[in-house]
Amino acid sequence: MAKVIKAPHPLSDGISIFLAGSIEMGSADNWQSRVEKGLAKLDVVIFNPRRDDWDSSWVQSKSNPQFRQQVEWELAAMEKASLIAMYFDPATKAPISLLELGLFARTGKMIVCCPEGFWRKGNVDIVCERYSIEQAGSLDELISRVVVTVRDEKNNGLQINS
Numbered sequence: 004m005a006k007v008i009k010a011p012h013p014l015s016d017g018i019s020i021f022l023a024g025s026i027e028m029g030s031a032d033n034w035q036s037r038v039e040k041g042l043a044k045l046d047v048v049i050f051n052p053r054r055d056d057w058d059s060s061w062v063q064s065k066s067n068p069q070f071r072q073q074v075e076w077e078l079a080a081m082e083k084a085s086l087i088a089m090y091f092d093p094a095t096k097a098p099i100s101l102l103e104l105g106l107f108a109r110t111g112k113m114i115v116c117c118p119e120g121f122w123r124k125g126n127v128d129i130v131c132e133r134y135s136i137e138q139a140g141s142l143d144e145l146i147s148r149v150v151v152t153v154r155d156e157k158n159n160g161l162q163i164n165s
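Residue numbers for the sequence shown follow my numbering, so the first one is 4 and each next one is one higher.
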């Protein structure tokens, strides 16, 4: 069964999936809960950056300890993750997710879903094509591709990108 770790809790070992993508300071659709449910039967750790105690009034400054803790947790979790599942909600701008796509595009451990209607879909598609990042056409397809990737890697006795 999947174990979900939310920011800012300590990260753990094992095959892990980071849920990257649209949050918009907590105002975006909580797509992460759908992914958690879709991956619930896998023996994996899910790193979910959408924290339960997020306060959108926190100043986004490196001198703000709560904000810094969140950003540091996300970076550490993406670095540690076996796989990064990224979703761009068409109703959002997701500038931090675009930054994260750029940071991790060359890692070989991403699956991206950028549906029609996302304001920078063309940019995302080109980055994914250039760096051979697997793309899913919908959130359900993203979940399915993560499940298949994890099962394939486990059947081969490998750790994803280990």
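All residues carry an ideal CB built from backbone N, CA and C; glycine is no exception.
This structure is a prediction, so every number in the text was calculated from the model and none was measured.
Excluding sequence positions up to five before and after residue 138, its CB lies within less than 6 angstroms of the CB of 115 and 131, all in the same chain and listed in chain order. Assigned with DSSP and collapsed to three states, residue 137 falls in strand. Checking the DSSP bridge columns, you'll see residue 87 partnered with 21 and 113. Taking a C-beta distance under 7 angstroms as the contact criterion, residue 110 and residue 25 do not qualify as a contact pair. In the displayed model, residue 157 falls within a helix according to three-state DSSP. For residue 51, the secondary structure class from DSSP, reduced to helix, strand or coil, is strand.
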